[in-house]
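In this text, residue positions in the sequence shown follow numbering that gives the first Met the number 0: the first is 0, and each later residue adds one.
Some notes on the structure that comes next.
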Amino acid sequence: MIDKTPKIEKVLLAGLHIAKTPKDIFDEDLAEMEMLCVTAGTQVVKTVVQKTQKPVASTYFGNGKLREIKEFMEDNFCDTLVIDAELRPSQIQNIEEIVGKKIIDRSQLILDIFSLHAKTAEAKIQVELAQLETLYPRLTNMWAHLSRMHAGVGTRGPGETQLETDRRIVQKKISQLKERLKKIEKVRETQSKSRRDTFLCSLVGYTNVGKSTLLNAICGSDVLVENKLFATLDTSTRKTRIAGAGDIVMSDTVGFLRKLPHHLVASFRSTLETLMEADLLLVVMDASTKWYRQQMNVVREVIADLGAQDKPVMIIFNKDDLLENPLDRIEIKNEYPNAAFVSAFSKKSVDDLKIEIGEAIELVKRAVLSEKAIEKAQKPKIIVG
């Protein structure tokens with residue numbers, strides 16, 4: 000009988016600890032990479048770390064470390080080397096020549112996960128766009144099949160090389176995808192106009208902090224929830240009633256990640272821009288992680304990059320039930336005195352959070368009314384006659 004069980008890809012994870020990088024941040028990145036590997040459906044056989052002052056320009060790691068990696072991978076039947084870095088095409092090629100195995104860098108791994116989790120037409124377009132923009136600099140020897148599909152009369156200019164033809168094809172495809180995204184954005188703008196009179200809260204935060212779980216708990220909805228990074232790529236929007244605030248709309252966006260390549264953020268910009276329409280940003284944090292400070296910095300950076308840094312913000316620490324040491328809660332509370340704490344799996348905790356959200360909404364509405372009153376008072380009076 001033939002075993003049809005899919006073969007789990009065995010990978011070796013490698014990281015370069017550069018001297019100027021604090022150890023706790025390096026450890027966080029590596030732990031995050033391991034979780035990304037698991038989310039992508041692979042088995043991490045071993046994690047290898049090399050300490051150095053700076054990367055080797057041609058191969059990122061030193062030759063000795065790469066040969067050590069090659070030997071281990073051959074002895075343990077590893078299929079792929081995953082590297083916690085965004086590598087240049089030449090570096091990937093040089094490492095492949097030494098190791099003799101498939102090489103995946105941080106961008107490629109994240110894109111693979113994005114591809115697995117893309118459900119809607121918009122998410123699929125965004126993933127394809129990000130893939131093409133990631134692979135474009137690596138086109139040499141990778142896109143021969145595209146030119147074969149479009150070979151013949153009218154496809155090549157005088158003296159145009161195979162690589163130039165391939166690049167032109169990919170550039171055209173990138174332009175087409177961007178146009179399709181613009182059309183989807185116009186539809187979303189039309190939809191947002193129809194709910195402009197309804198207060199909009201947007202859940203934002205690091206990936207896997209429980210935003211979708213919280214959306215379900217607050218709104219009684221059924222958004223996909225998985226203990227994986229980037230389980231949600233699409234924006235989910237739900238309507239609910241908050242005591243003291245009335246009917247509101249709440250949206251959930253794709254999670255953020257440290258060292259997320261800029262072109263990936265750009266590809267998902269249309270999804271993230273929904274928070275630009277929000278009246279209140281609900282920044283969701285994981286109370287149980289020791290890396291909440293670094294994660295908060297990432298969230299603030301992305302919000303600033305999107306131009307939403309002046310939006311009213313309410314900070315919510317989720318997974319309060321996982322805080323084993325009461326002193327940890329006190330420490331967080333001292334740093335963020337106005338933050339709310341919640342366990343999305345406790346009805347009482349969620350009900351308490353709804354009250355706090357209602358109070359925050361009331362404060363925002365008062366501030367808006369106050370601004371309008373000041374603006375009106377500052378307008379010059381028009382005297383007739």
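Quick reminder that beta carbons are idealized off the backbone N, C-alpha and C, glycines included.
Selection from 254, 68 and 62 that minimises the alpha carbon distance to residue 206:
254
Distance, residue 52 Cα to residue 19 Cα
8 Å
Residue 200 vs residue 281 beta-carbon contact at 7 Å:
yes
According to the Cβ coordinates, are residue 349 and residue 216 closer than 7 Å?
yes
Rounded Cβ spacing between residue 343 and residue 316 (contact assumed at less than 8 Å):
Actually they are not in contact, since the Cβ atoms of residue 343 and residue 316 sit about 11 Å apart, beyond 8 Å.
Evaluate the contact criterion for the region 84-97 versus the region 114-128: three or more CB pairs, one atom per stretch, below 8 Å.
no
Contacting residues, own chain, Cβ-Cβ under 6 Å from residue 256 (five flanking each side not counted)
206
Which residue from 121, 84, 80 and 119 puts its Cα closest to that of residue 102?
80
For the candidate residues 87, 48 and 119, whose alpha-carbon lies nearest to that of residue 107?
87
Suppose you measure from the CA of residue 212 to the CA of residue 286; what does that come to, to the nearest Å?
15 Å
What residues in its chain sit with their C-beta under 8 Å from that of residue 202, if we drop five residues either side in the sequence?
210, 213, 214, 249, 250, 251, 252, 281 and 283
Coarse secondary structure for residue 17, derived from DSSP in three states
strand
Quick check on the burial criterion: 16 or more other C-beta atoms within 10 angstroms. Buried or exposed for residue 39?
buried
Proximity of residue 104 and residue 8 at Cβ, strictly below 7 Å
no
Given residue 89 as reference, the closest of 56, 68 and 123 once Cα atoms are compared
56
Taking the DSSP output, what are the residues bridged to residue 240?
246
Contacting residues, own chain, Cβ-Cβ under 8 Å from residue 61 (five flanking each side not counted):
49, 51 and 55
Does the beta-carbon of residue 28 have 16 or more other beta-carbons within 10 angstroms, so that it is buried, or is it exposed?
buried
For a test of the three-state rule: what should DSSP assign to residue 60, helix, strand or coil?
coil
Cα separation between residue 23 and residue 278?
35 Å
Just the Cα atoms here: how many angstroms apart are residue 365 and residue 128?
42 Å
Assuming residue 103 is part of the beta strand (DSSP E), what are its boundary residues?
101-104
Give the straight-line distance between the Cα atoms of residue 353 and residue 300, rounded to the nearest whole angstrom.
27 Å
Starting from residue 210, trace the beta strand (DSSP E) both ways and give me its first and last residue.
Segment 210-218 is the alpha helix (DSSP H) holding residue 210; no beta strand (DSSP E) there.
Option in 306, 74, 330 and 358 with minimal Cα separation from residue 291:
330
Spatial neighbours of residue 328 within its chain, please: C-beta separation below 6 Å, excluding the five flanking residues on both sides.
322
Close beta carbons around residue 64, own chain, < 7 Å, minus the five adjacent residues each side:
49
Assign residue 368 to one of two classes, buried (16 or more other C-beta atoms within 10 Å of its C-beta) or exposed (fewer than that).
exposed
Boundaries of the beta strand (DSSP E) in which residue 304 is found, first to last residue:
Careful: residue 304 lies outside any beta strand (DSSP E), inside the alpha helix (DSSP H) at 291-304.
For the alpha helix (DSSP H) containing residue 90, list its first residue and its last residue.
88-98
Answer yes or no: do residue 46 and residue 12 have a C-beta to C-beta separation smaller than 7 Å?
yes
Which residues in the same chain as residue 179 place their Cβ atom closer than 7 Å to its Cβ, once the five residues preceding and following it in sequence are excluded?
124
The alpha helix (DSSP H) with residue 36 in it runs from where to where?
22-38
When you compare only the Cα positions, how much space is there between residue 247 and residue 276?
13 Å
Going straight from the alpha carbon of residue 304 to that of residue 361, what length do you get?
27 Å
Cβ of residue 43 within 7 Å of Cβ of residue 36?
yes
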